[in-house]
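A quick write-up on the structure given underneath.
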Amino acid sequence: MKGKVIKMDNSTKEVEIEVKRKREKYTVGKAIFNQKKFQEGDNIEYNLKGKNFEFVKKISSEEMRDTRNNFSNNTKFGGNKHKSKEPVKVKQYPYNFVSLKDKKDVVYKGERKLGTNTGKLVCKLVNKTPLFIMGESEQDNKGHTKEWFCREKGIPIIPGSSLKGVIRNIIDVLTNSVIRNVEDEKLEQRMGAGKFESVFGIIESLPENGKKGIIVEAEKIKVKTKEKIESGYKKFEFKDNGKEFSKKYNAKDGLIERVKLKDSIYNLKETEIKIKPGVTTVEKLINNSKEYKNYLTDNENGVQGVLWFSSPIYGKIHEKLLIPKKNGRKFEFSKEEYEDFKYIIKQRAERIKNGKDINSNTFYYDKDLEIGDPLLFEVKDRKMAEHLAFSEIPRLRYKFSPLDLVSEEFRPGDSLKKLSFSERLFGTTGDNTKKDEEKKDELVALSGRVFFEDAKNYKPEMIDNGNLVTLKAFGEPHPTLTTFYLDNIEKNYNENKGVSIRGRKFYWHHKEKIGKSFSEYRKSVEMPKIKNKNGKYEKELAYNSSLELMDINNEFEFSVNFENLTDEELGVLIYAIELEDGLLHKVGKGKAFGFGSCKIEIEGFLLENKNKYKDFFIEPFEKENKKEDYINKAKEKRYFDEKRKNIKELKAILSETNDLDFSESPFPEATNKKGETNSLNWFVNNKKGDRKIVLLSILDKNPK
């Protein structure tokens, strides 16, 4: 931490330091005073270890300015502002990324050329771990989702579109084809405590008609609430102009109320506020509702204030009242910053609605942004506001999206003469990463030449006789874990320079579950009953799901029809469907839990009979037994060559054996002080001290 020494009291051994425009008092040891390591007016760097104050060094005014301008220049939130601790390296995670290509590979794009091979592959799929394909679903009044296996006329099926996606993902890697359906939404980053150099402000105008918006710098006054926010709810008893706006303030919600105040609010004196033993801060404070009411007025020309109760923290007893700062600065903000802020608000509201934020019921920003709304921001170039936020530990948007990090050679073609292998085989609708108005006229659509039928199972065997199994939350990766998705953790992720996406996402097979009875590892994936706020135990919650799971060793039948393929294309298709011995596909939902590991075999290979039109009695297809001939044609182009890094990675992650152990849990977990064991605790623990969490590559050794 960095701050300016304001006052030193030798009698009490207290040091008052200004940090981020706030003053805080710390009790220090005698050595600080006896050795005279610093004096009033010095800028210092220090650490807090529990109650202990640890002096590090004196620093220059320039170093202090660098701290204040944290986000202004080259210290964006992905950059290396300080020398951080060694990153936490992990490989034990449900998924990883296959590189886009080997360094020596040349990505070829060209025009479609029709071949002479038309026919059908008759296939059998057997699931080696539980399988779930989403069909009908319903949500109860608690937000818990129940889902049943996909069926057609009562018969369990795997839609042809799902199978096509699985096989195409393999072919995309083998042939260095384009990346499809890349999100054009910007990535996000959760800032750690103390990492956001924020200024409080109130919106004076919104950006419109080509003009930038204006934010007025605000002064924050602490408001002491009646009691600590610990659990349940409390009543907020302050009154606005004698009119009760004191709705039931749920500890999980939040509150924004505009109030008119007397000018005397500016005369409120700073006072010492005890934060914790040995630590105090010097700020303006309103102690109770009576004191607060004395500042209220009916005068329409009174000071426009905003009472702001943000999301609660355990044990918090202070909220905030914002007023325009006397002689305060005004900052402009762009339309882009405004849209980013609205997006973050929308995402938070949707997480709560979908049960992904289990600590909240509603969000106090439940309307469009308006003039007079409070917010936090950082200052850029002394006059611009950026990184608008509603929290001092905010979630912020990067200035780029994953699409921006995809090189041109892996973007979908915008010309029929520049198509990747996969596009020539499966067809394309053009660059689906572009908005409609950005697409070029010369490419509308190109139909595919490979068609997957639905896979059907006529003798299904379900786990628990078809009764739903309530699973733990599908612990999708935290969207803020940028180091998992991007290729260079030393780069500044907020500047699109020298950074690209790591590759194509695939899920590991759980070797300890393949071919095993579900009962052997049920506890590692099934949701245990937990006590709710009413003291009752339940496991069907808003953030997890109950699924109808298909047991292992079920057989599905399906066919793949193809038209006018070259020998090379047919060879790649055959290989991608059957794979090599020891390699399995991943199909359906629940891949992170080890579900959906499947083996596909081609039981029939039929080619169109070239003489079928000569005689009515000639069969349209004839059996073909030379699959290897077509695969060898593809081998000549090194499509399956393990000397290519991405192919070696693909085979490693598709292998039914690996050096990972998912027997206890699909995700790394840790237990907090409350005895709660989950993945979130692990991430929180390992990200302390600004540490990065790095996902090792597929070929790296598991450090365990």
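Counting the sequence shown from 1 gives a position; the working numbering is that position plus 2. Glycine is no exception: its CB is placed at the ideal position from the N, C-alpha and C atoms.
Residue from the options whose Cα sits closest to the Cα of residue i
i	options	result
residue 136	111, 573, 159, 277	159
residue 20	139, 521, 282, 115	282
residue 93	664, 679, 165	664
residue 524	576, 580, 596	596
residue 472	326, 392, 540	540
residue 606	587, 558, 627	627
residue 292	306, 225, 91, 351	225
residue 180	512, 449, 413, 463	413
residue 370	558, 329, 345, 34	345
residue 151	161, 142, 143, 144	161
residue 326	3, 306, 342	306
residue 405	487, 18, 674, 645	487
residue 588	630, 519, 165, 177	165
residue 681	670, 376, 340	670
residue 324	60, 423, 375	375
residue 99	602, 658, 647, 676	647
residue 210	269, 474, 336, 321	336
residue 645	17, 625, 312, 103	103
Cβ-based neighbour list, residue i, same chain, cut-off 8 angstroms, excluding 5 preceding and 5 following
i	result
residue 163	454
residue 41	7, 10
residue 330	218, 219, 220, 221
Under the three-state DSSP convention, the category residue i falls into
i	result
residue 141	strand
residue 426	helix
residue 41	coil
residue 31	coil
residue 545	coil
residue 11	strand
residue 95	coil
residue 685	helix
residue 249	Caution is warranted here: a pLDDT of 39 is assigned to residue 249, below 50, making its placement in the model unreliable, and the coordinate value is therefore given only provisionally. Here residue 249 sits in coil by DSSP.
residue 628	coil
residue 524	helix
residue 238	Because the pLDDT of residue 238 is 44, which lies under 50, any placement of that residue in the model is unreliable, and the number read from its coordinates should be weighed accordingly. Looking at residue 238 - three-state DSSP - the assignment turns out to be coil, as it is neither helix nor strand.
residue 287	strand
residue 441	Per-residue confidence for residue 441 stands at a pLDDT of 48, beneath the threshold of 50, marking its modelled position as unreliable; the derived number appears in the next sentence. The answer is coil: DSSP assigns residue 441 none of H, G, I, E or B.
residue 557	strand
residue 475	coil
residue 459	coil
7 angstroms Cβ shell around residue i - same chain, five flanking residues per side excluded
i	result
residue 554	129, 130, 131, 132, 517
residue 153	137, 159
residue 43	7
residue 526	665, 666, 667
residue 466	none
residue 272	284, 285, 286
residue 276	282
C-beta atoms of residue i and residue j nearer than 8 angstroms
i	j	result
residue 684	residue 96	no
residue 206	residue 373	yes
residue 257	residue 298	no
residue 649	residue 604	no
residue 633	residue 123	no
residue 140	residue 550	no
residue 387	residue 212	no
residue 285	residue 24	yes
residue 697	residue 586	no
residue 46	residue 5	yes
residue 217	residue 333	yes
residue 260	residue 308	yes
residue 548	residue 557	no
residue 564	residue 451	yes
residue 421	residue 113	yes
residue 427	residue 121	no
residue 641	residue 118	no
Minimum Cβ-Cβ distance from residue i to chain B less than 8 angstroms
i	result
residue 139	Looking for chain B here will not work: only one protein chain is present.
Sequence-distant residues of its chain with Cβ nearer than 6 angstroms to residue i (five each side left out)
i	result
residue 661	704
residue 699	none
residue 590	133, 134, 135, 598
residue 157	458
residue 1	The requested residue 1 does not occur in the structure, where the chain is confined to residues 3 to 706.
residue 592	134
residue 569	632, 635
residue 562	123, 454
residue 514	665
residue 448	429, 430
Unbroken alpha helix (DSSP H) runs of length 4 or more, entirely within the stretch 294-351: which are they? none
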